[in-house]
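Right, one structure below, let's go through it.
There are 4 protein chains.
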Amino acid sequence: MLDEDVTAGDSELISLADYGRAAAGALDAGARAYFAGGAGDEITMRDNLAAWQRLAIRPRTLVGVGNRELSVTLLGRRRPHPIVIAPMAYQRLAHVDGEIATARAAAATESIMCLATFSTTTSPVVAEAVPGGSRWFQLYVFSDRGLSRELVTQAVEHGYEALVITVDLPVVGVRERELRSEVQVQLATEQMIDRVTAAGGRGLTPAEFTSLIDPDLRWSDIEQFASDCPLPVIVKGILRAEDAVIALEHGARGIVVSNHGGRQLDTVLSGADALPAIVEAVGGLADVLVDGGIRRGTDVVKALALGAQGVLVGRPVLWGLAVDGAGGAQRVLEILLSEFDCALALAGARSVEELDPSFITAAPWVAVPR
Amino acid sequence: MLDEDVTAGDSELISLADYGRAAAGALDAGARAYFAGGAGDEITMRDNLAAWQRLAIRPRTLVGVGNRELSVTLLGRRRPHPIVIAPMAYQRLAHVDGEIATARAAAATESIMCLATFSTTTSPVVAEAVPGGSRWFQLYVFSDRGLSRELVTQAVEHGYEALVITVDLPVVGVRERELRSEVQVQLATEQMIDRVTAAGGRGLTPAEFTSLIDPDLRWSDIEQFASDCPLPVIVKGILRAEDAVIALEHGARGIVVSNHGGRQLDTVLSGADALPAIVEAVGGLADVLVDGGIRRGTDVVKALALGAQGVLVGRPVLWGLAVDGAGGAQRVLEILLSEFDCALALAGARSVEELDPSFITAAPWVAVPR
Amino acid sequence: MLDEDVTAGDSELISLADYGRAAAGALDAGARAYFAGGAGDEITMRDNLAAWQRLAIRPRTLVGVGNRELSVTLLGRRRPHPIVIAPMAYQRLAHVDGEIATARAAAATESIMCLATFSTTTSPVVAEAVPGGSRWFQLYVFSDRGLSRELVTQAVEHGYEALVITVDLPVVGVRERELRSEVQVQLATEQMIDRVTAAGGRGLTPAEFTSLIDPDLRWSDIEQFASDCPLPVIVKGILRAEDAVIALEHGARGIVVSNHGGRQLDTVLSGADALPAIVEAVGGLADVLVDGGIRRGTDVVKALALGAQGVLVGRPVLWGLAVDGAGGAQRVLEILLSEFDCALALAGARSVEELDPSFITAAPWVAVPR
Amino acid sequence: MLDEDVTAGDSELISLADYGRAAAGALDAGARAYFAGGAGDEITMRDNLAAWQRLAIRPRTLVGVGNRELSVTLLGRRRPHPIVIAPMAYQRLAHVDGEIATARAAAATESIMCLATFSTTTSPVVAEAVPGGSRWFQLYVFSDRGLSRELVTQAVEHGYEALVITVDLPVVGVRERELRSEVQVQLATEQMIDRVTAAGGRGLTPAEFTSLIDPDLRWSDIEQFASDCPLPVIVKGILRAEDAVIALEHGARGIVVSNHGGRQLDTVLSGADALPAIVEAVGGLADVLVDGGIRRGTDVVKALALGAQGVLVGRPVLWGLAVDGAGGAQRVLEILLSEFDCALALAGARSVEELDPSFITAAPWVAVPR
């Protein structure tokens, strides 16, 4: 359990939402559009938060929660808590220290950091700058398989512990905030800038980078990576139970139930709503993680009670990064962990293992998105 | 599949909703009232949009969507995509080029255009001005059957490929925006102006033109048109499955599930909500199309997944027309087609044929109209 | 069917809601508080409107609706349409002509008028001023049964055709708008002013008049009136099916499903929601009418399709009265009748008799009160 | 039954909500934050009110409600009505007379007052200042069991009639309004100030006082108090039916279904929603009370109809206290009792005993929290 107490004395920023508001002021317009935007009418993006709020907790009492145990097992390893930093591209758009700052915040809070393919600092540089942390590597599989293999090899060599293959971006979603902005990401790694430039790109917008991604990716490719790569493969971006089963059949060791932060296809289900059927279909044969809309300790409790082994947190860490670099990202994680600890206690569970679906029921209230 | 990319560089207008906002400024008050208004409290008009948003997509992943096939079969002919321009009256109120501009946009995007009985350019003139496109003719059956037959004969002679008989306007709905405005439509064809004038009309409001329509139309009339007219007959304005079956029995080759854009009877079901029961009742014996509230590529995917063969799009094309004539209408169709292509890919379907109801589930969120 | 057409040329007031807005300006603050207010948080008052909006119409098509028949049978007599003016107290607060103006509007539109016990013109005076109309008399049963009997005798002698006994006011509801206003109703008939004054009253607020009502009224009293009075007895204020059955057993010839316009007990069901179970329980053995929230012709169609024989309309008539005396009240009724006629046609029914519950389904949208 | 009538003449404050608004102006910022705030996003705090509004009343008619009986049996004693003042800490933050004023209001209205462990006046002082009333004592069990025993002994000696043990605060919830404020509660009793000071505390924030509470409390502790203490034990803070059964097994004579006013764990069920299952599980073997969001007489009727023996009312009494000391608290209770009496009559019940679940149904409307 955590010793961190959240008090107003430390700072006026005492919730993840506070950091969200502060980050809106700290980011320039282009970066704000890039990070904050979602697909289409942003129904799914807003619903990612609302979906957790539509779940009610049924607390137990008087079980003696003086000592709580937040630890979980992820990919066979014991971790002090279930929170993972989601892969997010172009973090130097948020703060000059970018991914290195995030890695420091991860290490300070014993959170796993998942580094993105479109990071603005390469995986070796992050690994060398912050030797201590536990990290995963997120992979977009490019049409140019050679480049993808290079990225994987680098990650393996630098101690990344899992390969998280994102499968929900065969084409880029309709992101209007981004289309209306002029965001340029010259910060991306030279490897990829070379490829984009060679392909005729010049503006170096996020859309140009994503055009490197193979729209024809198939399950056989996942199987290939699972057999070729020494790291366990996690498939990120599953929303149907059928697909979770197929993932297992093709060698996945983990599933991230995700709609890409509401940035890809609008009006798909939230992670919260898609999770239970996938947990049931996977039946304990792989780890199931979930992301999208985690903003409160109660959200973490709900995800775990519904059967997730871990949760990924994205934009809030970015907000911390934008507001105050590594310290801000660390503070965001500390707030979330502190809230999670408190929620676990008040739900009446002494450990994550005690949580189960009986702690959750459909909320009788209506949480209207927005 | 389409090659058009939607980028902000082309224009500030990147969504159908953008065109809606821009059109509000481009139209004069009377035309705006006529085109934008719905019946009664406009609950159904607003719900036409909300109903699509209450459907969630369940995407599949990793099926290899590098090449998508948007084509469909409508009335036995292969069409490059399922989007049809809905019949809309008095298009010269929106732009001086009126129906001819719309026909050009249709031809440029290979969309079927459905010309309205109350067009401000006659069917022969449209056909001669834009020789290339594929067009249907929408018919209001008048008490004066002779006039109706003239209109049909003209359409047949000028290559219109189907007869779309609108059956949900025995009387005109309570449209308050229109009643409050002073819109005059002296632009209607001389044929009809003569009839209205002869009948004592002088103001030439839309309501006066609609008074020509036979309120006593019956299924036997549909059967008559189906047997007399060489074109396939599509019945537009069905919301009950029972009526869809009756339509087939009277010779209809297609059904348009429609509430007339929310302009006729307030608080009827949306096309989205009425569609599934009608698809089931029709059982593949005729084509089922749907209209009302289609504003996003995801809406098109949902309509097709629920079993529609095609969708009609109305007001958005009008908005494009009002903003920029043929070019604006074309751009609206291109945006919608581009979004449809993207949504198909992200839903995990390589072609329209792969869509089925398993892609759709009731949304767990609440889309409040407005 | 009606010949009245609603066009903006006649007036800017083309809907009942328009009259509501206009009346708010025409009434003084006290009268506005008295007429507009509901009980408690006014949840039920708002829901009275929303409940009709939560019902969707399933229209039929092509049945030939050139000639519609709006007539119904009420208490064994054929009436040209199903609309009844609800009993409303103190109408001279709304307009100097008060109940006499309302009676004129009723006669002009062939609507039944239900005169209130707390009318500001007595039943004989109304009957003499407007000889032609069809009228019912609403009775509050007072602790002083003699006074009640006097009122009934007067009504019988002056040709009132039914006795509508209100049973949902054993005590007056918590009406905060009224409590906050200073409304005085010195206009009430001398008979009752004498009684109130004799009982020590002086301020003559509505609450003082209602204190005359017997809080201990029972079913046996209804039976007494039913056997003593030559007029058919209608019991107004029933919301439970069990009570409707008891009413029949005690001689009621009709039931008004009503929550007193949301003015008595907040958070009770609307008439729209309570109606179906009561229709089923009554099983055709008596007439069932409904009131509360009828603002549109579609609402009337829904009430009749769910099995009501008639609908009572209250506040909208009052709004018309406040805006323009008899003419305003008449216009409100004409608008509603015109909308009803239009809605019947567009629902696909040639007569009221053709309506049945298959025309109605629960709306898939959410009508949030307010 | 009560003789109090609520009329605007007495005061502009005629509803509990009026007192809420007035109190917001009367309290300083720190006290307002402390009393008004809830946990997390305050979803549960808002839902506590909304949940009662989502229940509809099904009134009976004509049962003769001239004489109503509001009395109930609580812990085997007949009480004139079912309303209990909930335990609330630090009442001298709201008004200089603090708990003594509340005790006077309780005595004047024959309401039971539940004194809080963190009262700013000790239980003996309250008992001596207001000899007449009926009082319960709320206990937080401290890690320092000796101090807890002292508090219980004092309460027993001074005539408190029940021991209400709060079990939903093993740790303090995430209360952001409180964290953002600087509220200091030096007013707490010296006994506890000594302990906090000895433990190194200095600021004397509410959080420091709550740190005295034993997070490891278990059911065996309840059993200990039930057997050691001569007073009946009520367990406050139960939301699961399973826990209610366990409470009975450990000697509880009563249960308070409560989420601590939404101040502990956000997104748990309201008392209104949790109540029915607990009533069923308890099966009459103990008294079930409920708190949270009671603001109207209709709420009291609903709680009793669903099977509660009594209701606790918290913040509204505080508002009355803040606005006008003992007189304000008394007025709040009088308004609520008057509304309760009115609602009972209009629901068609002559006594609390006549209420049962048939009076309640799920509301067809949607009460959106806020």
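Protein chains in written order, with the working numbering: chain A, 727 to 1096; chain B, 727 to 1096; chain C, 727 to 1096; chain D, 727 to 1096.
Beta carbons: idealized from backbone N, C-alpha and C, even for Gly.
In this text the structure is predicted, and so the values were computed from the model without any measurement.
Query                                                                                                                                                                                  : Result
Which whole-angstrom value is the C-beta distance of residue 1048(C) and residue 752(C), which I expect to be below 8 Å?                                                               : 5 Å
Out of 890(A), 993(A), 881(A) and 999(A), point me to the one whose CA is closest to residue 981(A)'s CA.                                                                              : 890(A)
Restricting to Cα atoms, I'd like to know which of 938(D), 776(D), 967(D) and 789(D) is closest to residue 1074(D).                                                                    : 789(D)
For residue 738(B), name the three-state secondary structure that DSSP assigns.                                                                                                        : coil
Between 785(A), 765(A), 1060(A) and 800(A), which lies nearest to residue 1034(A) when the distance is taken from Cα to Cα?                                                            : 800(A)
Looking only at its own chain, which residues have a Cβ that is under 6 Å from the Cβ of residue 771(C), when we skip the five neighbours before and after it?                         : 764 and 988
Starting from the Cα of residue 1041(C), find the closest Cα among 803(C), 802(C), 794(C) and 810(C) and give me that residue.                                                         : 810(C)
Cutting at 7 Å between CB atoms, please list the residues of its own chain near residue 1058(C), excluding the five before and the five after it.                                      : 742, 745, 1042, 1043, 1045 and 1046
Starting from the N-terminal side, write out each stretch of the alpha helix (DSSP H) that is 4 residues or longer and does not extend beyond the stretch 987 to 1011 of chain B.      : 997 to 1008
What does residue 945(B) touch in chain C if you count any residue whose Cβ is under 7 Å from its own?                                                                                 : 788
Mind listing, in chain order, the continuous beta strand (DSSP E) runs of no fewer than 3 residues lying wholly within the stretch 773 to 847 of chain B?                              : 781 to 783, 798 to 800, 803 to 805, 809 to 811 and 838 to 841
Between which two residues does the alpha helix (DSSP H) containing residue 1015(B) stretch?                                                                                           : It is not in any alpha helix (DSSP H) - residue 1015(B) instead sits in the beta strand (DSSP E) that spans 1013 to 1017.
What residues in the stretch 896 to 917 of chain A bring their beta carbon closer than 7 Å to a beta carbon of chain B?                                                                : 896, 897, 899, 900, 902, 905 and 906
At 3 residues or longer, and completely inside the stretch 848 to 889 of chain D: list those beta strand (DSSP E) runs for me, N to C.                                                 : 861 to 865
Compute the Euclidean distance between the alpha carbons of residue 1088(D) and residue 780(D), then round it to the nearest angstrom.                                                 : 6 Å
Tell me whether the beta-carbon of residue 782(A) lies closer than 8 Å to the beta-carbon of residue 993(D).                                                                           : yes
Under DSSP, the alpha helix (DSSP H) around residue 1051(D) begins and ends at which residues?                                                                                         : 1041 to 1073
Do you know how far the Cα of residue 1062(B) is from the Cα of residue 900(A)?                                                                                                        : 11 Å
For my contact list, residue 1069(C) and residue 1023(C) are in at a C-beta cut-off of 8 Å; report their separation, rounded to the angstrom.                                          : 4 Å
In whole angstroms, what is the alpha-carbon distance linking residue 957(A) and residue 962(D)?                                                                                       : 51 Å
Tell me the rounded alpha-carbon separation between residue 1064(A) and residue 819(D).                                                                                                : 29 Å
For residue 774(C), count neighbouring Cβ atoms within 10 angstroms of its own Cβ and tell me buried if that reaches 16, exposed if not.                                               : buried
Using only the alpha-carbon positions, how far apart do residue 966(B) and residue 918(C) sit?                                                                                         : 55 Å
Between residue 948(D) and residue 1031(D), what straight-line distance do the alpha-carbon atoms span, to the nearest angstrom?                                                       : 29 Å
Count the other C-beta atoms from every protein chain shown that fall within 10 angstroms of the C-beta of residue 813(A), then say buried if there are 16 or more, exposed otherwise. : buried
Relative to chain C, which residues along the stretch 996 to 1009 of chain D have a C-beta separation below 8 Å, given in chain order?                                                 : none
List the DSSP bridge partners of residue 980(C).                                                                                                                                       : 960(C) and 1013(C)
Do you know how far the Cα of residue 954(A) is from the Cα of residue 940(A)?                                                                                                         : 19 Å
Please report how far the alpha carbon of residue 1025(B) lies from the alpha carbon of residue 1037(B), in whole angstroms.                                                           : 9 Å
Suppose you measure from the CA of residue 1076(D) to the CA of residue 832(C); what does that come to, to the nearest Å?                                                              : 40 Å
Please compile the residues from chain D whose C-beta is within a distance smaller than 9 Å of the C-beta of residue 1108(A).                                                          : Shown here, chain A extends from 727 to 1096; a query on residue 1108(A) therefore has no answer.
So which residues of chain D does residue 1047(A) contact, with C-beta pairs closer than 8 Å?                                                                                          : Those do not exist, as residue 1047(A) stays about 22 Å from chain D at its closest Cβ, beyond 8 Å.
Check the Cβ-Cβ distances between residue 862(D) and every residue of chain C, and say whether any is below 8 Å.                                                                       : no
Out of 869(D), 834(D) and 873(D), state which residue places its alpha-carbon closest to the alpha-carbon of residue 861(D).                                                           : 834(D)
How many whole angstroms separate the CB atoms of residue 932(C) and residue 909(C), which I take to be in contact at a CB cut-off of 8 Å?                                             : 7 Å
Check whether the Cβ atoms of residue 960(D) and residue 944(D) lie closer than 8 Å to each other.                                                                                     : no
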